[in-house]
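Enquirer: Attaching a single structure in structure tokens format; questions to follow.
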Amino acid sequence: MKKFGRKKFLALGIVLAFSICGAVGHLRPKMSPISTFAPVRFPERQLILDAGHGGEDGGAVSVTGVPESNINLAVILRLDQFLGFYGTAPILLRDSDISIYDPGCETLRQKKVSDLHNRVAIIEGTENAFVISVHQNTFSNSAYHGAQVFFRTGAESKALAELTQIVLRQGVDPENGRTPTQIPDSVYLMKHITCPAILVECGFLSNPVEEKKLRSESYQAQLALCLASAWLQSEEIQSGNGVGPVI
Ligand SMILES: [Zn+2]
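In my numbering, each residue carries its 1-based index in the sequence shown increased by 4.
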């Protein structure tokens, strides 16, 4: 392009840019758009995502021999991705197949105890934390199936658990009649933290039909989408803009 031509091109660009700005400026009072992708929409709560187990501690094992830790991680990574699209930046207690124990631990028991202590320490060291923990269920009777949401004591935890259970029912399993239940004291992590938290048992690894779904990337993505949807809606409700569960 010649020098004169380049100048003309630049001038035309500036005129166009001003015209677009003018048009947008003109429309703004009528449209007042809200950006869905605004960075960190409700910064008053810090979401922490806990993929249960990891590393040497695989947790429950499925009927085809897959440890729940792998499925938990896959769902959490997807959930992190989906939430990222909406400007929510969670803290992940683990983002790979590891156990977060201190150096020097030798036995599996020592590693598991240290891992849980460290998870508690990270959560307790985070201001305004809210935890979503993901696990998979098993039972001696292979007929049992369906996701179930558990909650720590407190209205915030219970509200998110109820919303999440509804969204999971709507999103992946309309026949699921399970209701949210308070987390028993036997769950170490949940007993030793003080912030609101829910624990999602995504399904039963002991049920062959559900296990096959839980191993599939598409079902893991659907589960993650349900969890993201419930969380984002809870933020909307918290901020006074919510309308109730919609996915
Ligand atoms: Zn588990």
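The beta carbon of each residue, even a glycine, is placed where N, CA and C say it ideally should be.
Shortest alpha-carbon distance to Ser220 belongs to which of Cys206, Ile170 and Val124?
Expert: Counting from one through the sequence shown, the residue named residue 220 turns up at place 216. For Ser220, the nearest C-alpha among the options comes from Cys206.
Enquirer: Enumerate in chain order the residues of its own chain whose CB-to-CB distance from Gln152 is below 6 Å, with the five nearest sequence positions on each side excluded.
Expert: In the sequence shown, residue 152 corresponds to position 148, counting from 1. Only Arg182 and Glu205 meet the Cβ criterion.
Enquirer: Using 8 Å as the threshold, is the C-beta distance between Leu53 and Leu120 below it?
Expert: Here residue 53 corresponds to residue number 49 of the sequence shown, with the count starting at 1. Here residue 120 corresponds to residue number 116 of the sequence shown, with the count starting at 1. No, these two residues do not count as a Cβ contact at 8 Å.
Enquirer: Measuring CB to CB, does Thr168 end up less than 8 Å from Ile202?
Expert: Mapped onto the sequence shown, residue 168 falls at position 164. Mapped onto the sequence shown, residue 202 falls at position 198. In contact: Thr168 and Ile202 (Cβ atoms closer than 8 Å).
Enquirer: Helix, strand or coil: which one does DSSP assign to Asn257?
Expert: The structure shown does not extend to residue 257, since the chain is modelled only from 5 through 251, so no value can be given for it.
Enquirer: Taking the alpha-carbon of Thr68 as reference, which of Ser146, Asn180 and His196 has the nearest alpha-carbon?
Expert: Working through the sequence shown from its first residue, we reach residue 68 at position 64. Taking only the C-alpha atoms, the option nearest Thr68 is Ser146.
Enquirer: Check for me: the beta strand (DSSP E) holding Asp54 runs from which residue to which?
Expert: Numbered from its first residue, the sequence shown carries residue 54 at position 50. Unbroken beta strand (DSSP E) run through Asp54: Gln50 to Ala55.
Enquirer: Within this structure, are the beta carbons of Ser3 and Phe143 separated by less than 8 Å?
Expert: Residue 3 is absent from the model: the chain starts at 5 and stops at 251.
Enquirer: For the candidate residues Thr111, Val176 and Lys162, whose alpha-carbon lies nearest to that of Phe134?
Expert: Translated into the one-based positions of the sequence shown, residue 134 becomes position 130. Nearest C-alpha to Phe134: Lys162.
Enquirer: Using only the alpha-carbon positions, how far apart do Leu112 and Ser243 sit?
Expert: Within the sequence shown, the letter at position 108 stands for residue 112. Within the sequence shown, the letter at position 239 stands for residue 243. Cα to Cα, Leu112 sits roughly 44 Å from Ser243.
Enquirer: Between the Cα of Ala159 and those of Pro212, Pro184, Leu236 and Ser73, spot the shortest distance and give me the residue it belongs to.
Expert: In the sequence shown, counting from the first residue as 1, residue 159 sits at position 155. It is Pro184 whose Cα lies nearest to the Cα of Ala159.
Enquirer: Grab the span of the alpha helix (DSSP H) containing Ala228 for me, first residue to last.
Expert: For the purposes of this step, residue 228 is taken as the residue at position 224 of the sequence shown. First-last of the alpha helix (DSSP H) with Ala228: Glu221 to Gln242.
Enquirer: On a Cα-Cα basis, can you pick out the residue from Phe89, Ser103, Asn132 and Ile75 that is closest to Ile197?
Expert: To locate residue 197, count along the sequence shown from 1; it is residue 193. Answer by Cα proximity: Asn132.
Enquirer: What separation, rounded to the nearest whole angstrom, lies between the Cα atoms of Lys115 and Leu193?
Expert: Counted from its first residue, the sequence shown places residue 115 at position 111. Counted from its first residue, the sequence shown places residue 193 at position 189. Cα to Cα, the separation comes out at about 15 Å.
Enquirer: Per DSSP, what kind of secondary structure is Pro43 in: helix, strand or coil?
Expert: Position 39 of the sequence shown, counted from the first residue, corresponds to residue 43. Low confidence applies to Pro43: its pLDDT is 49, below 50, so where it sits in the model is not reliable, and the reading given next is rough at best. In the structure shown, Pro43 sits in coil (DSSP, three-state: anything other than H, G, I, E or B).
Enquirer: Between Thr130 and His149, what straight-line distance do the alpha-carbon atoms span, to the nearest angstrom?
Expert: Here the question's residue 130 lines up with position 126 in the sequence shown. Here the question's residue 149 lines up with position 145 in the sequence shown. Going from the Cα of Thr130 to the Cα of His149 covers about 34 Å.
Enquirer: For Gly58, is the beta carbon positioned less than 7 Å from some heavy atom of ligand 1?
Expert: Taking the sequence shown and counting its residues from 1, one reaches residue 58 at position 54. No, Cβ of Gly58 sits at least 7 Å from all heavy atoms of ligand 1.
Enquirer: Note down, in chain order, each residue of its chain lying with its Cβ closer than 7 Å to the Cβ of Ile241, except the 5 sequence neighbours on either side.
Expert: Here the question's residue 241 lines up with position 237 in the sequence shown. Once the five neighbours on either side are set aside, Ile241 has no close Cβ partner at all.
Enquirer: My output table needs one value for Leu87: the three-state DSSP class, helix, strand or coil.
Expert: On the sequence shown, residue 87 is found 83 positions in, with the first residue counted as 1. Here Leu87 sits in helix by DSSP.
Enquirer: Helix, strand or coil: which one does DSSP assign to Pro212?
Expert: Here residue 212 refers to the residue found at position 208 of the sequence shown. Three-state DSSP puts Pro212 in a helix.
Enquirer: So which of Ile102, Gln186 and Tyr223 has the shortest CA-CA distance to Phe154?
Expert: Translated into positions along the sequence shown, residue 154 becomes position 150. Per the Cα distances, Gln186.
Enquirer: Taking 8 Å as the cut-off, does the segment 171-181 touch the segment 85-100 (at least 3 CB pairs, one atom from each stretch)?
Expert: As far as the Cβ criterion goes, the segment 85-100 does not touch the segment 171-181, which means the pair count is below three.
Enquirer: Kindly indicate which three-state DSSP category Thr183 falls into: helix, strand or coil?
Expert: Here residue 183 refers to the residue found at position 179 of the sequence shown. Reduced to three states, the DSSP call for Thr183 is coil.
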